Amino acid sequence: MEIHRYEKLWTAAALLLIVGFIATVTYGALGPGVTMVDDSGGTIDSGSLDETQFGDPGVTQTGENQYEVHVVARQFLFQPGTGSPIRVPANSEVTFYITSADVVHGFEVAGTNVNVMAVPGQVSEVTVRFDEPAQYGIVCHEYCGAAHHTMAGQLVVVPEDEYSAEGS
Amino acid sequence: MAYVDDFPTDARIVRWNLLVAFTALGIGGLFGMIQALHRTDVFRGFVSSADYYSVLTGHGVLLALFFTIFALCGLFTWGVTKSLDRPLPSARFTMAWFGFMFVGALTATVTILGGLVPSMPFNADVLYTFYAPMQAHPAFYTGLVLFIVGTWMAGFDWFRTYWRWRGDNPGERIPLQTFMVLVTMLMWYISSAGVAVEVLFFLLPWSLGIIESVDPLLTRTLFWYFGHPVVYFWLMPAYFIWYTVLPKLAGGRLFSDPLARVVFVLFLLLSTPVGFHHQYTDPGIPEGFKFIAMTNTMFLLLPSFLTAFTVVASIEHGARQRGGSGRLSWLRKLPWDEPAFAGCALAGLMFAAGGFSGIINAGMNINYLVHNTLWVPGHFHLTVGTASALTFMAIGYWLFPQITGKRLRLRSVATVQPYIWFVGMTLMSNAMHRAGLAGIPRRTAEPQYDAVTFQGVVGGVSEMRLQIAIGGVFLFFGLMLFLLVIFATWLGGSRTAPLRVNGTLPTPLSGPEHSPKILDNLRLWTAIAIVLIVLAYGLPLSAMLADGLFAPGSPPIPV
């Protein structure tokens, strides 16, 4: 098979670029440690969430600067998040456990890397660092029914001293 | 002699396929404009926000499945019969597959449109991805099954035409167009098995109440097993045109037949074991398998890079044949006023941009920034929405005279139409990409929330909205012009004047005699493709099945 010299060069450059792309993704995983949501959250019976930690979802402190947040997504709200904002302190490491009580939803904290699917029967586990106080919007970004566009919430990162003063 | 004179029966089936394809394009395009105006809040008078999702489902299914695949069937029937120089063996069987596809598509479409009419007892507001446990009316799933079975029969029709040709021509190389059709169909058989299992074994019996629950993650995974290769099912007919017809339109000939074959074989190997890249942010799938899908996806760039080279080289060759010279000034010698050429060339150009935004999606952890945002439709309106759609429209200008025997009418309208599409898509798509970077979600009627502010990285949100709305209107206008030209040619033209176009395709600069024989060994490539799929999917799928076929289960949630 004859391959033109320019085409050989082009193919070599394309392969180099491809390997380069794979390298950047690998660096993101190993260097800054951006991990993918995976099967670590386990499975769950979406029909009986009440018997699990999702029965009373919300924020729990698990270590000095460590928190867990259980969130239930359902048509058309996040519990917590929609009725009352999710509140966590600045300078904390927060692990979200997110599941769905009905259909597939999305959990996107707008303007951040927090962007996962909430699939009934599965628990999505993501760990995030919040360094600074801020207010974020939470959006359901997977179509979930006729009022999908109303499904949103809030995440508030409050200053550390304010958070402990509230005692929450 | 035009194609219609040589193959009257096949020309009819090509016409019918293209008629259905372009009708679906017209309806789906209208829906697209309604969405562009609605979600940007420019005009919300067409439908309520609740009905927006019926329109969105129609837009996705009519365009991504019916428009593209009917167009493929038309083009592939033309390519097989022409390159093998023999008709499809049985007109009755051909009508049967067309009938299956048409009845299936019509059933699914009517069910979707039922969502817009409150008195209708059926709907399918489940979008193009129909994720369980949202449930559509059983007619929707039944329609999809009929449609897919029809495509399988169409593939069989092309294969057996090839087998008969092989019987008469032992030892000859498979003609390039037929080779492309066969390889594409092998990919389609392997990948559409996923959605067939999803619908036949899970969603359809579940919608009929025969089984109580389905596993949402499993059905979603089966969908995406099919959901990435299907994008190549949209794209490969465009590649088929770019490789075999575009060089002629540019005034030259294909640069390399062997590399064209290599590219199609690479698509067969790599199109399917990448589906998890649509599920990077899904729970329940181990990170390692997402990584495998990511590397496979990146290598899937290779055939597209090779295509970029060959197609540009072929076009340049054409331009130089027409007297072009210089490093870039040969570009001016290209027939930019020929709508078939201009449309294909602009489609290829936009595909390059779409390819690069696709690399961001493919970048596993980088994808967190854009997953399910408006970036994603921004991306695929460049790929399926332009690389495929504009190519199919452009080639319509060239092919319609040949399958009807009538000269193209309204040539001047046809000449500007690809440029209108190009401008409209530039406006809409760039703004969608930027809106995605700001975190604005896709698939929503009203991406405006009280408690959420989206910060544009480049430009402001209201400017993006305006560009999306104006772009959407341009695209719809371009689409109407296209339909006007095609239907005017079809219905209004006469068969008196000799055609200005002919279907003779020049031989490549480097022909099939230079391609290694092994490239035509379809069994070998199919076997390797299956091994790659087992490596990518075997373990995670068996983990999902380990707790039972229907567990963790979800009962149906009607929409």
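So the sequence lines, in the order shown, correspond to chains U and V.
Numbered according to the working numbering, the first sequence spans residues 1 to 168.
Numbered according to the working numbering, the second sequence spans residues 1001 to 1559.
The C-beta atom is built at its ideal place from N, Cα and C for all residues, glycine as well.
Predicted, not measured: the structure shown is a model, and the values here were computed from it.
Along the chain, where does the alpha helix (DSSP H) containing residue i start, and where does it finish?
i: G1385 (chain V); result: Note, G1385 (chain V): premise wrong, no alpha helix (DSSP H); not H, not E.
i: Y1232 (chain V); result: 1229-1244
i: I1359 (chain V); result: 1339-1362
i: L155 (chain U); result: Run containing L155 (chain U): none in the alpha helix (DSSP H); it sits in the beta strand (DSSP E), 152-158.
i: H1433 (chain V); result: 1411-1437
i: H70 (chain U); result: No alpha helix (DSSP H) holds H70 (chain U); the beta strand (DSSP E) holding it covers 66-74.
i: R1495 (chain V); result: Segment: none, R1495 (chain V) is in no alpha helix (DSSP H) and carries neither H nor E.
At least one CB of chain U closer than 7 Å to the CB of residue i: is that the case?
i: A1546 (chain V); result: no
i: L1301 (chain V); result: yes
i: A1342 (chain V); result: no
i: L1499 (chain V); result: no
i: P1600 (chain V); result: Here chain V has residues from 1001 to 1559 only, and residue 1600 (chain V) is not among them.
i: A1050 (chain V); result: yes
i: T1281 (chain V); result: yes
i: L1535 (chain V); result: no
i: T1297 (chain V); result: no
i: P1558 (chain V); result: no
i: Y1003 (chain V); result: no
i: F1130 (chain V); result: no
i: E1287 (chain V); result: yes
i: S1554 (chain V); result: yes
i: G1284 (chain V); result: yes
i: P1175 (chain V); result: no
i: F1305 (chain V); result: yes
i: P1636 (chain V); result: Outside the displayed span of chain V (1001 to 1559) sits residue 1636 (chain V), for which this structure offers no information.
i: L1539 (chain V); result: no
i: L1127 (chain V); result: yes
May I ask whether a heavy atom of the ligand MG can be found less than 6 Å away from the beta carbon of residue i?
i: S1515 (chain V); result: Absent from the structure shown: the ligand MG. Ligands present: none.
Cβ of residue i within 7 Å of Cβ of residue j?
i: F1067 (chain V); j: A1024 (chain V); result: yes
i: L1062 (chain V); j: I1034 (chain V); result: no
i: P1283 (chain V); j: Q122 (chain U); result: yes
i: P1216 (chain V); j: F1267 (chain V); result: no
i: R1407 (chain V); j: G1493 (chain V); result: yes
i: P1441 (chain V); j: Q1135 (chain V); result: no
i: E108 (chain U); j: V157 (chain U); result: no
i: I44 (chain U); j: T127 (chain U); result: no
i: A173 (chain U); j: V1452 (chain V); result: Because chain U in this structure spans residues 1 to 168, residue 173 (chain U) falls outside the shown range and cannot be described.
i: G1396 (chain V); j: L1475 (chain V); result: no
i: G1155 (chain V); j: M1120 (chain V); result: no
i: A1469 (chain V); j: P1273 (chain V); result: no
i: V1055 (chain V); j: T1161 (chain V); result: no
i: M1253 (chain V); j: P1508 (chain V); result: Just to set this straight, residue 1253 (chain V) is Arg in the shown sequence, not Met. Yes. Within cutoff.
Using a beta-carbon distance below 7 Å, is residue i in contact with chain B?
i: P89 (chain U); result: Protein chains U and V are contained in the structure displayed, whereas chain B is not.
Using beta carbons (cut-off 7 Å, strictly below), is residue i in contact with chain V?
i: H105 (chain U); result: no
i: A14 (chain U); result: yes
i: V157 (chain U); result: no
i: A110 (chain U); result: yes
i: H141 (chain U); result: yes
i: F130 (chain U); result: no
i: S168 (chain U); result: Low confidence applies to S168 (chain U): its pLDDT is 49, below 50, so where it sits in the model is not reliable enough to give any reading.
i: N115 (chain U); result: yes
i: G20 (chain U); result: no
i: M151 (chain U); result: no
State the start and end residues of the unbroken beta strand (DSSP E) segment that holds residue i.
i: Y136 (chain U); result: 134-139
i: M1 (chain U); result: From DSSP, M1 (chain U) is part of no beta strand (DSSP E); its letter is neither H nor E.
i: M117 (chain U); result: 115-118
i: G106 (chain U); result: 105-109
i: G58 (chain U); result: 58-61
i: P80 (chain U); result: Per DSSP, P80 (chain U) belongs to no beta strand (DSSP E) and is neither H nor E.
i: V94 (chain U); result: 92-100
i: V128 (chain U); result: 124-130
| query | Where in the stretch 1090-1158 of chain V do unbroken runs of the alpha helix (DSSP H), each at least 4 residues long, occur, reported from the N-terminal end onward? | reply | 1091-1113
| Contact list for the stretch 1432-1454 of chain V against chain U, Cβ threshold 9 Å | A1438, G1439, I1440, P1441, R1442, R1443, T1444, A1445, E1446, P1447, Q1448, Y1449, D1450, A1451, V1452, T1453, F1454
| query | In chain order, which alpha helix (DSSP H) runs of at least 4 residues are fully inside the stretch 1003-1057 of chain V? | reply | 1003-1006, 1008-1039
| query | Relative to chain U, which residues along the stretch 1358-1378 of chain V have a C-beta separation below 9 Å, given in chain order? | reply | I1359, A1362, G1363, M1364, N1365, I1366, N1367, Y1368, L1369, V1370, H1371, N1372, T1373
| Of all the residues that make up the stretch 1503-1518 of chain V, which are near chain U by a beta-carbon distance shorter than 8 Å? | S1510, H1514, S1515, P1516
| query | Which residues, in chain order, does the stretch 72-101 of chain U contribute to contact with chain V at a C-beta distance below 7 Å? | reply | none
| Residues of the stretch 26-54 of chain U whose Cβ lies closer than 7 Å to any Cβ of chain V, in chain order | G28, A29, V34, T35, M36, V37, D38, D39, G41, T43, I44, D45, S46
| field | Residues of the stretch 1034-1061 of chain V with Cβ closer than 7 Å to any Cβ of chain U, in chain order | value | S1049, A1050, Y1053
| Every unbroken alpha helix (DSSP H) inside the stretch 1150-1224 of chain V [4 residues or more] | 1176-1197, 1204-1207
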